[in-house]
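Reading the sequence shown from the start, the letters are residues 472 to 838 in the working numbering. Note that CB positions come from ideal geometry on N, CA and C, so glycine has one too. All values derive from a computational prediction rather than experimental measurement. Contents: one structure, followed by commentary.
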Amino acid sequence: MRISKIDVYQVQYGLKDKRYAWSGGHAVTGFTTTVVRLSTDEGLTGFGEVCPLGSGYMEAHPAGVPAGIRELGPALLGQDPTRLRDVNALMDSTLGGHHYVKSPLDIACWDILGQAAGLPVATLLGGRTVDEYPLYRAISQGSPEAMADEIRRYRSEGYRRFQLKVGADPDEDVRRVECALAVTEPGDVVIADANTGWVPHQAIRLVNALRDRDYYVEQPCATLDECMVVRRHAPQPMIIDELITGVGPFLQAWRAGAMDGINIKISRVGGLTRAKQIRDLAEALGIVMTIEDSWGGDLATTAIAHLAGSTRPEFLFTSTDFNSYVDVSLAADAPRRKDGRLAVPTGPGLGIHVDVNRLGDPVFSLS
Ligand code: MG
């Protein structure tokens, strides 16, 4: 089987909640997502999606995706999409870095592989471990009271895990965590996610002020050294997110004893192939995982579902359903949240059917 055509689409998503804010004064009101369709000479087509959280969050920006695929596409035409390792090696030798550009291409190859095998991607990623799994809701940064109101609202929709966007003034962040804990119940999970926004003394003040409270701290500072300073002061379990850009950085953080959990964002590590490597290592090393992406809609949420649904449940800390945050659906049969949980698709490949009419005209096509 050979890749015979690559179509690249960009779609605008709005946020149902209108605005999403996190540390450092960052905020977005919507997203430009990129959808890739790979066609093959045997008639199978595969889809993948990458949706950067604006341009200021990670080493990714929406305009970079088509530009990167213009570099990669000519090398991929004629390649066998079911040879995932070869495809990834070729992408790496054609374009250094730029993991997020490679991610939708890798996901589309997994979609094709699954269809060719007649199996869901989750089966090929190691085997389905669960039929559904628990979700968290990201709570946009706002006043402590407004964030508590959002938790109440999303709790009424079934979520029991809440990731608070902190990483601002530490005194106000203490109040954010206190207000969140006041409106949650035993068994709920509260995560204070600074998205690298604190310098160590700010994080240390927060973990000291909330020393006896039950919550998690996620990526307090930008560097591993800074996070380690906080780690030495914090009794709370710690999750490392933004530093997990590949196997090497994951192992470096693990050797340092930096974390109890990691956040795997599929596009940040270059797609499902690399995310699976890190997922499998994390399981072996006793590290729990939030499995997700930088953002996305139906396609990204479905790719996440296959990886999350093939992860041993005791290591799947949580995940989220990005397709419920955005106001555009690209596949009517994509998994949808029910009672704070998401079902793992069962059809071959990604197991969903993208409505190409909703994608508009391609930004460009290669054949
Ligand atoms: Mg995070």
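Inter-residue Cα distance where the pair is residue i and residue j
i: Glu697; j: Arg631; result: 30 Å
i: Ile474; j: Val506; result: 16 Å
i: Ala774; j: Pro575; result: 10 Å
i: Ala498; j: Ala492; result: 4 Å
i: Tyr434; j: Val740; result: Because residue 434 is not part of the residues shown, which for the chain are 472 to 838, the question remains open.
i: Leu555; j: Lys476; result: 17 Å
i: Gln586; j: Gly818; result: 9 Å
i: Leu584; j: Val718; result: 24 Å
i: Gly589; j: Leu515; result: 12 Å
i: Gly535; j: Glu763; result: 21 Å
i: Leu801; j: Thr789; result: 24 Å
i: Ala771; j: Asp792; result: 9 Å
i: Thr847; j: Asp478; result: A question about residue 847 goes unanswered here, because the residues of the chain that appear run from 472 up to 838.
i: Ala663; j: Glu616; result: 15 Å
i: Arg676; j: Cys650; result: 17 Å
i: Thr667; j: Glu713; result: 7 Å
i: Val688; j: Gly811; result: 22 Å
i: Ser765; j: Asp512; result: 32 Å
i: Val521; j: Ala693; result: 23 Å
i: His570; j: Asp659; result: 34 Å
i: Gly822; j: Val797; result: 21 Å
i: His824; j: Val700; result: 47 Å
i: Ala546; j: Leu561; result: 8 Å
i: Leu778; j: Ser738; result: 13 Å
i: Asp847; j: Ser611; result: Examination of residue 847 is not possible in this model, given that the chain is present from 472 through 838 alone.
i: Pro657; j: Met709; result: 20 Å
Beta-carbon spacing of residue i, residue j below 9 Å
i: Val834; j: Glu603; result: no
i: Val645; j: Leu695; result: no
i: Asp582; j: Gly820; result: yes
i: Lys573; j: Gly539; result: yes
i: Gly517; j: Val799; result: no
i: Gly519; j: Ile578; result: yes
i: Gly629; j: Lys809; result: yes
i: Arg702; j: Gly728; result: yes
i: Pro591; j: Arg599; result: yes
i: Val678; j: Gln634; result: no
i: Met472; j: Thr594; result: no
i: Ala665; j: Ala653; result: no
i: Ser494; j: Trp669; result: yes
i: Pro523; j: Ala531; result: yes
i: Ala746; j: Ile735; result: yes
Any non-hydrogen atom of ligand 1 closer than 8 Å to residue i Cβ
i: Glu713; result: yes
i: Asn666; result: yes
i: Glu689; result: yes
i: Ile710; result: yes
i: Asn734; result: yes
i: Gln612; result: no
i: Gln634; result: yes
Range covered by the beta strand (DSSP E) that runs through residue i
i: Trp766; result: Neither: Trp766 is in no beta strand (DSSP E) and is coded neither H nor E.
i: Lys636; result: 632-636
i: Asn734; result: 732-736
i: Leu509; result: 501-511
Start and end residues, alpha helix (DSSP H) containing residue i
i: Asp488; result: Note, Asp488: premise wrong, no alpha helix (DSSP H); not H, not E.
i: Met562; result: 555-565
i: Leu722; result: 718-726
i: Val825; result: No alpha helix (DSSP H) holds Val825; DSSP gives it neither H nor E.
i: Pro545; result: 535-547
i: Ala588; result: 570-588
i: Tyr625; result: 615-627
i: Pro657; result: Here Pro657 belongs to no alpha helix (DSSP H), and DSSP marks it neither H nor E.
i: Glu697; result: 695-704
i: Val678; result: 671-680
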